[in-house]
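Working notes, beginning with the structure itself.
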Amino acid sequence: MQTEQQWMLYYTLFLGIPEMQVPSIEPLVIPQLIAAQGNGLKVITENLKVFGCGNFTIVNLNVNLPRNVFNFNIILPHLVLDGRYIIDGKILLIPIKGKGNMKGHIYNAKANVSLSGEIVKREGEDYLHYTKMTIKIKVGSGKLHLDNLFGGSPALGQVINTAINANFNSFINELRPIIEQALAKFMLESADKIVSSFTYKELFPLK
């Protein structure tokens, strides 16, 4: 069952706050996401639109107000991805390189989120400032298509796309650490913009 605070979060995220450059999450538009791994793998997405983020459910919400720590799980039944990508490196020991359009579907995604912050003073009022977010993602299934792999080679592109989709969960597992890190950074900035417009008392009024 959604609490009053969860519904407030839902509608704030769904509608966004244009005057604070906080975009709506339906669709969620990520101008650029850069993820790099120590083994040389680099993935960049540009103008990535993620449809279906508005259809989220928050479960297992655990709020520790004295420590300003918020732990919760998010369930997302179906996400549709549409944007541009740049990829260079090895995934599942397969060399992969390309730059172009990408489309994809992700089903039954779950995320464990931990968000922590601190109280800061502004003009005599207490405000919540988020300082850290960690996200752990699990994906049920999905499919992905990357255009223009290896400079547009149809044969190589088909082979790589087929291999990705035949091993989709392994492909996502390989990318998960860098995706989680990059996504947490993006979402932390957005979450902090949202709470910065409300005093601590407005966010958590005394009952």
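The sequence shown lines up with residues 1161 to 1367 when you count with my numbering. Every residue, glycine too, gets a C-beta built ideally from N, C-alpha and C.
Open item on the list: Suppose you measure from the CA of Ile1354 to the CA of Phe1232; what does that come to, to the nearest Å?
Closed with: 18 Å
- [ ] With DSSP as the reference, label Gly1201 as helix, strand or coil.
- [x] Per the sequence shown, the amino acid found at residue 1201 is Leu instead of Gly. If DSSP states are grouped into helix, strand and coil, Leu1201 belongs with coil.
Task: At least three beta-carbon pairs within less than 8 Å, the stretch 1214 to 1221 to the stretch 1230 to 1244 - done: yes
Task: Sub-9 Å separation of Ile1320 and Phe1310 beta-carbons - done: yes
TODO: For Val1210, count neighbouring Cβ atoms within 10 angstroms of its own Cβ and tell me buried if that reaches 16, exposed if not.
DONE: buried
- [ ] Tell me the start and end of each unbroken beta strand (DSSP E) in the stretch 1246 to 1320 that is at least 3 residues and wholly inside, in chain order.
- [x] 1254 to 1282, 1285 to 1298, 1301 to 1306
TODO: Answer yes or no: do Gly1249 and Val1203 have a C-beta to C-beta separation smaller than 9 Å?
DONE: yes
Task: Beta-bridge partners of Leu1343, as assigned by DSSP - done: Note: Leu1343 sits in no beta bridge, so no partner.
Open item on the list: Beta-carbon within less than 6 Å of Gly1264's beta-carbon, same chain only, minus the 5 sequence neighbours each way: which residues are those?
Closed with: Leu1241, Leu1304
Task: Three-state secondary structure assigned by DSSP to Pro1226 - done: coil
Task: Simplified DSSP assignment, three categories, for Phe1331 - done: helix
Open item on the list: The alpha helix (DSSP H) that contains Glu1362, what's its start and end?
Closed with: 1360 to 1363
Open item on the list: Going by the DSSP bridge assignment, what does Glu1349 pair with across the sheet?
Closed with: BP columns for Glu1349 are empty, so no partner.
Task: Beta-carbon contacts of Asp1307 that lie in its chain and below 6 Å, excluding the five residues immediately before and after - done: Gly1260, Asn1261
- [ ] Report yes if the C-beta distance between Ser1301 and Ile1266 is below 9 Å; otherwise report no.
- [x] yes
Open item on the list: According to DSSP, is Pro1191 part of a helix, a strand, or is it coil?
Closed with: strand
Task: As assigned by DSSP and simplified to three states, the class of Asn1325 - done: helix
Task: Residues near Ala1351 in its chain [Cβ-Cβ closer than 6 Å; skip 5 each side] - done: Tyr1290
- [ ] Below 6 Å CB to CB, which residues in the same chain sit around Ser1274 once its five sequence neighbours on both sides are set aside?
- [x] Asn1231, Thr1294
- [ ] On the DSSP bridge assignment, give the partners of Arg1244 in chain order.
- [x] Glu1206, Asn1261
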